[in-house]
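Residues 150 to 250 in our numbering are what the sequence shown lists, from first letter to last. Using N, Cα and C, we set each Cβ at its ideal position, and we do this for glycine too. Before any comments, here is the structure.
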Amino acid sequence: MGLTPETLPRHELAGLDVEVVSASNPDLVGLAGEVIKETTQTLGIERPDQTGGESRVATVPKDGATFAFALPDGTTVTVEGERIVARPARRTEQRGDSQWR
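See below:
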């Protein structure tokens with residue numbers, strides 16, 4: 150099964166580029182990078198250091214945020230974080246229609 154907007158809930162999010170487009174914490178809006186870690190409640194987003202040093206990982210709560218994921222084919226999928234609050238292993242086992250339509 151290929152990675153499409155419809156199948157995104159059943160795929161691993163780690164490795165995808167993401168941007169926080171809205172959040173209850175305004176300091177997180179605009180944060181962009183690669184998802185390197187996912188827990189039930191958070192995404193770990195690796196972003197380059199602005200001074201040219203080592204990259205940093207920001208932990209962003211899923212609940213209260215909206216994310217724009219870039220798929221490998223160039224498609225951007227906007228997702229409310231509340232819809233992906235779940236244990237990653239459990240979420241990827243789900244079947245049926247996309248919950249993001």
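CA-to-CA distance, residue 161 to residue 241, given in whole angstroms | The residue labelled residue 241 in the question sits at position 92 within the sequence shown. The residue labelled residue 161 in the question sits at position 12 within the sequence shown. Rounded to the nearest whole angstrom, the C-alpha separation of residue 241 and residue 161 is 7 Å.
How many Å lie between residue 177 and residue 156 at the Cα?
-> Translated into positions along the sequence shown, residue 177 becomes position 28. Translated into positions along the sequence shown, residue 156 becomes position 7. One C-alpha to the other measures close to 26 Å.
So what does residue 171 bridge to, in DSSP terms?
-> Against the sequence shown, residue 171 aligns to sequence position 22. According to DSSP, residue 171 bridges with 215.
Taking only the alpha-carbon atoms, compute the straight-line gap between residue 213 and residue 225 and give it to the nearest angstrom.
-> Along the sequence shown, one-based indexing puts residue 213 at 64. Along the sequence shown, one-based indexing puts residue 225 at 76. So the alpha carbons of these two residues sit roughly 20 Å apart.
What number of angstroms, rounded off, separates the C-alpha of residue 164 from the C-alpha of residue 219?
-> Against the sequence shown, residue 164 aligns to sequence position 15. Against the sequence shown, residue 219 aligns to sequence position 70. Between the alpha carbons of residue 164 and residue 219 lies a gap of roughly 10 Å.
Should residue 238 be labelled buried (16 or more other beta-carbon atoms within 10 Å of its own) or exposed?
-> To locate residue 238, count along the sequence shown from 1; it is residue 89. That one is exposed.
Who are the near neighbours of residue 250 in its chain, counting only those whose CB is closer than 8 Å to its CB and skipping five residues on each side?
-> In the sequence shown, counting from the first residue as 1, residue 250 sits at position 101. Unreliable positioning characterises residue 250 in this predicted model, as indicated by a pLDDT of 42, which lies under 50. A coordinate reading is not provided.
List the residues that DSSP assigns as beta-bridge partners of residue 192.
-> For this step, residue 192 is matched to residue 43 along the sequence shown. Bridge partners of residue 192 according to DSSP: 187 and 209.
Can you name the start and end residues of the alpha helix (DSSP H) that residue 241 belongs to?
-> To locate residue 241, count along the sequence shown from 1; it is residue 92. Residue 241 -> alpha helix (DSSP H) spans 237-241.
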